[in-house]
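In what follows, a single structure is set out as structure tokens and then discussed.
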Amino acid sequence: IRQKLRPFSHVPGAMCLIPGTTEVVRAFPTRIEVAGEVYPLPLTGPVEGFTLEQDLERNAVFVFGKAKEGFYRLCIKAFDRGFMIRGERGIDFEETLFKEISLYIAPHVERLSLGSHKQLNWDRIRTAGGLAEQLPVLYCLSQKIPRIAPASYPMPEALSTLLKVGFHGILVPRLRDDEYQGLIPDAPVSGDPAWLIQEGGKRIRSLFFEQKDRRLALLPKLPTELHQGRFIGLQVPGVGTLDFEWSKKMLRRAVFQVTTSGEVILELQKALHRFRCGGKVHEATEPLLLEAGKTYLLDRFQK
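Mapping to this note's numbering: the sequence shown position 261 is 263, numbers consecutive.
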């Protein structure tokens, strides 16, 4: 998957989470707010090309633009005792915010791509509401926050609705829809809003993959608008790792890298009845024997 997950906004006051934490950055052209603390910047406006970027590849947040003094760029990153805010270019600024945080660095990140290669301008993406752009970012972010206890929240069934009412800024979670869109009840809620990220990630994964012991369902709830995509590095307990891809709404190829020997039963889309594995045609209803230490390519899925 070549697309780099770096959503950004040009709106003054834009917000996002600091990867690895549930703390929020809010950025203005000459001021940033980090985890509730305010930091004026030694800059003079007008600022051109102001940008807040959440870099999920480097687990950092960047703020940059061109002020009267020239181009500037700041990096905000979490460490085990708080946050570091450092000018990388064009600005002499460095602050360390010591704060007790729950920092989580994922040892492995599953990657999802849904065939979109647009720039991740979140202001436009959120207005358009496209799942192909939003779901990969939310799924990646859900793997880069600490584990959260469930919240009291009227969780909507549709992910498109959750994205509208459960988030503002660049996927900053909220338990109250302060835009009053009328899509969920305006009822009392409690808990950590970041639970919405965690729960959203689980729901996204369940659209494309589900596991019940050694029964593996591929594309069990594929939304009709997601015609093509690729899921890389899925952790399958008791089996190993799995990559697969689909196009024209149908599964095309899957690769198992096996760590534990045994049989698995694949639950494929109803229209698919057989596939090729190891040069042989295999019926979809038959158990598939996998041997530890080997890699298996499944292709030629047939109706």
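Glycine included, each C-beta is placed from N, C-alpha and C at the ideal position. Quick caveat: nothing in here was measured; it's all calculated off a predicted structure.
Asked: C-alpha gap between ALA273 and GLN200, whole angstroms; Found: 32 Å
Asked: Paired residues, beta bridge with SER249 - DSSP; Found: MET252
Asked: For PRO138, the first and last residue of its enclosing beta strand (DSSP E); Found: That residue, PRO138, is in no beta strand (DSSP E); its alpha helix (DSSP H) goes 133-144.
Asked: Same chain, Cβ closer than 7 Å to PRO14, five either side skipped, listed in chain order; Found: PHE30, PRO31 and PHE52
Asked: As assigned by DSSP and simplified to three states, the class of PHE322; Found: Residue numbering for the chain in the displayed model covers 3 to 305; residue 322 lies beyond these limits and cannot be assessed.
Asked: Beta-carbon spacing of LEU300, LEU116 below 7 Å; Found: no
Asked: Between the CA atoms of LEU224 and ASP194 - distance to the nearest angstrom; Found: 29 Å
Asked: Paired residues, beta bridge with GLN237 - DSSP; Found: THR243
Asked: Option nearest LEU292 by Cα separation, candidates GLY280, ARG302 and GLY38; Found: GLY280
Asked: Option nearest LYS120 by Cα separation, candidates GLY168, PRO109 and LEU133; Found: LEU133
Asked: ARG278 versus LEU290, SER263 and PHE303, residue with shortest Cα-Cα distance; Found: PHE303
Asked: Identified DSSP bridge partners for MET17; Found: ARG28
Asked: CB contact flag (ALA80, THR23, <7 Å); Found: yes
Asked: Through-space distance from ARG205 to ALA153, alpha-carbon basis; Found: 16 Å
Asked: Best match in VAL167, ILE172 and GLY202 for proximity to LEU185 [C-alpha to C-alpha]; Found: VAL167
Asked: Nearest-angstrom Cβ-Cβ length linking PHE258 and LEU270, presumed shorter than 8 Å; Found: That pair is no contact at about 14 Å.
Asked: Per-residue burial, GLY72 [other beta carbons within 10 Å of its own, 16 or more giving buried]; Found: exposed
Asked: Residue range of the beta strand (DSSP E) that includes LEU209; Found: Element bounds for LEU209: not the beta strand (DSSP E) but the alpha helix (DSSP H), 197-210.
Asked: VAL266 beta carbon less than 7 Å from that of LEU290; Found: yes
Asked: Helix, strand or coil at VAL167 according to DSSP, with G and I counted as helix; Found: helix
Asked: Three-state secondary structure (DSSP) of ASP125; Found: helix
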